[in-house]
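Okay, structure first, notes after.
Protein chains: 2
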Amino acid sequence: MSDPRHPRASGRATLSDVARHARVSAITVSRALNTPDKVSSELRERIEIAVRELGYVPDRSARALASRQSFTVAVLVPSLSNAVFVDTLRGISERLDPFGYQLLIGDTGYSAEVEERRLRAYLEHRPDGVLLTGQAQTEGARALLAHAGVPVVRMMDLSADGLCVGFSQIKAGYALTRHLLERGHRRIAYVAAQLDERVRLRGEGYRCAVREVGGDDPRLEVAVPDPSSVHLGGELLGRLLQQAPDCDAVFCCNDDLAWGAIFECQRRGIDVPGRLAIAGFNDLEMSACINPALTTIATPRHQIGVAAADLLLAAIAGEPPADGQRDLGFSLVVRQST
Amino acid sequence: MSDPRHPRASGRATLSDVARHARVSAITVSRALNTPDKVSSELRERIEIAVRELGYVPDRSARALASRQSFTVAVLVPSLSNAVFVDTLRGISERLDPFGYQLLIGDTGYSAEVEERRLRAYLEHRPDGVLLTGQAQTEGARALLAHAGVPVVRMMDLSADGLCVGFSQIKAGYALTRHLLERGHRRIAYVAAQLDERVRLRGEGYRCAVREVGGDDPRLEVAVPDPSSVHLGGELLGRLLQQAPDCDAVFCCNDDLAWGAIFECQRRGIDVPGRLAIAGFNDLEMSACINPALTTIATPRHQIGVAAADLLLAAIAGEPPADGQRDLGFSLVVRQST
DNA sequence: CTGTTAGCGCCTTCAG
DNA sequence: CTGAAGGCGCTAACAG
Numbered sequence: 001m002s003d004p005r006h007p008r009a010s011g012r013a014t015l016s017d018v019a020r021h022a023r024v025s026a027i028t029v030s031r032a033l034n035t036p037d038k039v040s041s042e043l044r045e046r047i048e049i050a051v052r053e054l055g056y057v058p059d060r061s062a063r064a065l066a067s068r069q070s071f072t073v074a075v076l077v078p079s080l081s082n083a084v085f086v087d088t089l090r091g092i093s094e095r096l097d098p099f100g101y102q103l104l105i106g107d108t109g110y111s112a113e114v115e116e117r118r119l120r121a122y123l124e125h126r127p128d129g130v131l132l133t134g135q136a137q138t139e140g141a142r143a144l145l146a147h148a149g150v151p152v153v154r155m156m157d158l159s160a161d162g163l164c165v166g167f168s169q170i171k172a173g174y175a176l177t178r179h180l181l182e183r184g185h186r187r188i189a190y191v192a193a194q195l196d197e198r199v200r201l202r203g204e205g206y207r208c209a210v211r212e213v214g215g216d217d218p219r220l221e222v223a224v225p226d227p228s229s230v231h232l233g234g235e236l237l238g239r240l241l242q243q244a245p246d247c248d249a250v251f252c253c254n255d256d257l258a259w260g261a262i263f264e265c266q267r268r269g270i271d272v273p274g275r276l277a278i279a280g281f282n283d284l285e286m287s288a289c290i291n292p293a294l295t296t297i298a299t300p301r302h303q304i305g306v307a308a309a310d311l312l313l314a315a316i317a318g319e320p321p322a323d324g325q326r327d328l329g330f331s332l333v334v335r336q337s338t
Numbered sequence: 001m002s003d004p005r006h007p008r009a010s011g012r013a014t015l016s017d018v019a020r021h022a023r024v025s026a027i028t029v030s031r032a033l034n035t036p037d038k039v040s041s042e043l044r045e046r047i048e049i050a051v052r053e054l055g056y057v058p059d060r061s062a063r064a065l066a067s068r069q070s071f072t073v074a075v076l077v078p079s080l081s082n083a084v085f086v087d088t089l090r091g092i093s094e095r096l097d098p099f100g101y102q103l104l105i106g107d108t109g110y111s112a113e114v115e116e117r118r119l120r121a122y123l124e125h126r127p128d129g130v131l132l133t134g135q136a137q138t139e140g141a142r143a144l145l146a147h148a149g150v151p152v153v154r155m156m157d158l159s160a161d162g163l164c165v166g167f168s169q170i171k172a173g174y175a176l177t178r179h180l181l182e183r184g185h186r187r188i189a190y191v192a193a194q195l196d197e198r199v200r201l202r203g204e205g206y207r208c209a210v211r212e213v214g215g216d217d218p219r220l221e222v223a224v225p226d227p228s229s230v231h232l233g234g235e236l237l238g239r240l241l242q243q244a245p246d247c248d249a250v251f252c253c254n255d256d257l258a259w260g261a262i263f264e265c266q267r268r269g270i271d272v273p274g275r276l277a278i279a280g281f282n283d284l285e286m287s288a289c290i291n292p293a294l295t296t297i298a299t300p301r302h303q304i305g306v307a308a309a310d311l312l313l314a315a316i317a318g319e320p321p322a323d324g325q326r327d328l329g330f331s332l333v334v335r336q337s338t
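Protein sequences appear in the order of chains A and B.
Just so it is clear: in the first sequence, position 307 is 307 by full-length UniProt numbering, and no numbers are missing.
Just so it is clear: in the second sequence, position 135 is 135 by full-length UniProt numbering, and no numbers are missing.
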């Protein structure tokens, strides 16, 4: 009833369908596809034709199962709405795509629980490597990774152990605050939302710097756990101005908040930077376009993705990590808002 | 040499490792995990303990191979840098996560070739469904989908055949232009970048509307294929003002460009909307925050994700699509920029 | 260069 | 409710 030259009605063409069609053995088809130079050009051609005629698409599950390599890398970022992580993803993808690795991209919504859940889900794919943003947050997540035994590279911050690529969030926060101090500001505020590890560390850097000049004052800090947004930036500026009307500079934990703060100043007729200097963090594309252009910390997020991918590739290949902790630095971009 | 109660050194714990550990058969472990109510509570408990002790994580490849269901859905969007698609992804994820589906998320960079390549790669995972943005661009992509025989839902625009969820880009472009006409503008420009299907359709709508009042003029259109960005918005405004100094309103094909145009007007001292009205498309978060607040078309992108997921779920379940073409509409949001 | 054999880890029968 | 046998599609290891 069934024609052996054609794929079974029950599903798609398989390797043996192709093999039968090309009158070779299955393994030869496998080789023609994966290591073409190990197959004579004659058979290769016949096989290529069969593949095309049957519309054969290999099955990764079967391949992964048999070869014990999934050619898959799991990547977890806090949010896809944040351009910072999307730039990082692009760097990863640029580096991993050419090697045939496929990315399992997931966002955690800045939640440790979601992170663990997604991690578990992705580990079921037996990824060849895992890329994480920051530390694995929960005990469970760390246990999962330990059991899995896959190479892991952590991105964005620096840490004491394991492989990681990033820069010192503390130093960056410190550097930006120093810049404001050098501009002569003494009542410098820190406005933050989405209080993740990195935002906290930037706050640390800020506090370090203001303390050095005795300029620390709890009223100068506005921090809320809400998701960051431009709108929130305006709102938090209002709150800040209420609790510390004499502040003369604002360090926003990210650019989005800073934009919102600038817009709010425009509406209130507050001169930036004359009456109030405003600085952000990350140097997203728009920060150079807004009026006044935003002073901010440029972060090497794309490069972090590239380097993390390279590090992971090396780890997958079993190469000893020459420098497991890669500090890619940051740079202060001074524009008109300060 | 090897203790049968422990996973082999060569790899991670398998179902039979767990089975041995709990002194039951492998299939019972499988059932305890997938259909717990088909296993006595006693065995279930023993199995749960074994799972925990061994740190067992199921292997999706093996499961997919044996069950012929991958519980995976492939999603292709043009870009992750565009908040529009990220909002759509969120809608999809919200709907599909609870069912245990895992998303294979990929971006095409607005390229038809990349789309086909990614599609092929994702089909190797034997996804239970595919979510596409717009039409499958290439002949090859369409052939792949036809061969694969998986349910496909297309998002964002409307189309004649197959399952799709979106709204009429033409009508939206028309509606926005009508609004500008009703405001009394007669020299309305269309500024566009990233010329994908949707941007072109919006342009169609624009042209329809201006033609009705005899206001069409090629000098009023500035369109470049470059990736859209805020910076580009400013640049294109400059170009427009040069080739049509008398234009009195600008319809930007997306909000990013409109922001850039507004910033450029601020720098040039052009009054918005007094001298020049500016409108965008999509209603991203920032559009309500900028000064002047941006008039734009609010698009139901999150809802599109939700509805697309629902449609796909139904199609996977083999349910006949009651309404295969779902028009979710759009709405005009009039703010201060017009 | 090509083929055979066996098995990856799990689930679908079909039995009890 | 539990288990035994077989196979999903592919590739490793060995043969020739």
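All C-beta atoms, glycine included, are put in the ideal place defined by N, C-alpha and C.
Please read all numbers here as calculations on a predicted model, not as lab measurements.
Only E124, H125, R126, A143 and L144 from the segment 124-145 of chain B bring a Cβ to less than 8 Å from some Cβ of chain A. For T177 of chain B, the secondary structure class from DSSP, reduced to helix, strand or coil, is helix. Residues of chain B with a Cβ closer than 7 Å to the Cβ of V230 of chain A are, in chain order, E285, M286 and C289.
One alpha carbon belongs to Q69 of chain A, the other to D128 of chain A, and they sit about 7 Å apart. Remark: C-beta atoms of D283 of chain A and T299 of chain A approach each other more closely than 8 Å. Rounded to the nearest whole angstrom, the CA to CA distance from V250 of chain B to P225 of chain B is 18 Å. Considering only beta carbons, the part of the segment 74-96 of chain B lying closer than 7 Å to chain A consists of L80, S81, A83, V86 and L89, in chain order. The CB of V250 of chain B never comes closer than 7 Å to any CB in chain A; the least such distance is about 16 Å. When beta bridges are read from the DSSP output, E221 of chain B appears opposite B:Y190.
The C-alpha of P273 of chain A is placed about 42 Å away from the C-alpha of E94 of chain B. Classified as exposed, D271 of chain A has fewer than 16 neighbouring CB atoms from the shown chains inside 10 Å of its CB.
Contact note: A121 of chain B reaches chain A through Q102, using a C-beta cutoff of 8 Å and chain order. Within 10 angstroms of the beta-carbon of A189 of chain A lie 16 or more other beta-carbons, which makes it buried. Annotated three-state conformation of F167 of chain B is coil, per DSSP.
V334 of chain A counts as exposed, since fewer than 16 other beta carbons sit within 10 angstroms of its beta carbon.
C208 of chain B: member of the alpha helix (DSSP H) spanning E197 to E212, first to last residue. Per DSSP, the unbroken alpha helix (DSSP H) holding F85 of chain B starts and ends at A83 to L96. Sixteen is the threshold: when 16 or more other Cβ atoms of the shown chains lie within 10 Å of the Cβ of F330 of chain B, as they do, the residue is buried.
Taking each of A:L276, A:L15 and A:I290 in turn and checking the Cα distance to S229 of chain B, the smallest one comes out for A:I290.
Against chain B, a Cβ distance below 8 Å from V57 of chain A picks out R120, L123, E124, L144, H147 and A148. G215 of chain A is outside the set of residues whose beta carbon lies under 8 Å from a beta carbon in chain B. Bridge partners of S159 of chain B according to DSSP: none are assigned. Interface residue (Cβ-Cβ distance to chain B less than 8 Å): L276 of chain A is not classified as such. Secondary structure note for T28 of chain A: its alpha helix (DSSP H) is the uninterrupted segment A26 to N34. Taken atom to atom, the span from the alpha-carbon of H185 of chain B to that of F281 of chain B is near 18 Å.
Distances from the CA of T177 of chain B to each of B:A146, B:L220, B:A160 and B:G166 were compared; the closest alpha carbon is that of B:L220. Of the candidates A:V210, A:P227 and A:D255, the residue whose Cα lies closest to the Cα of C247 of chain A is A:V210. F251 of chain B is bridged by DSSP to B:Y190 and B:A279. Look at G234 of chain A: its C-beta is under 8 Å from a C-beta on chain B. Between S70 of chain B and chain A, the shortest Cβ-Cβ separation is below 8 Å. With fewer than 16 other Cβ atoms from the protein chains shown falling within 10 Å of its own Cβ, I49 of chain A counts as exposed.
Comparing C-alpha distances from C253 of chain A to each of A:R267, A:L328, A:E182 and A:Y174 shows the shortest one belongs to A:Y174.
Residues of the UniProt domain "HTH lacI-type" (13-67) of chain B whose Cβ lies closer than 9 Å to any Cβ of chain A, in chain order: A13, L54, G55, Y56, V57, P58, D59, R60, S61, A62, R63, A64 and L65. Counting only residues of its own chain and dropping the five nearest sequence neighbours on each side, A32 of chain A has a CB closer than 6 Å to the CB of V39, R44 and I47.
In this structure, Q135 of chain A sits near E197 of chain A, with a CB-CB distance shorter than 8 Å. For P36 of chain B, same chain residues with a beta-carbon under 7 Å away, outside a window of 5 residues either side, are R44 in chain order.
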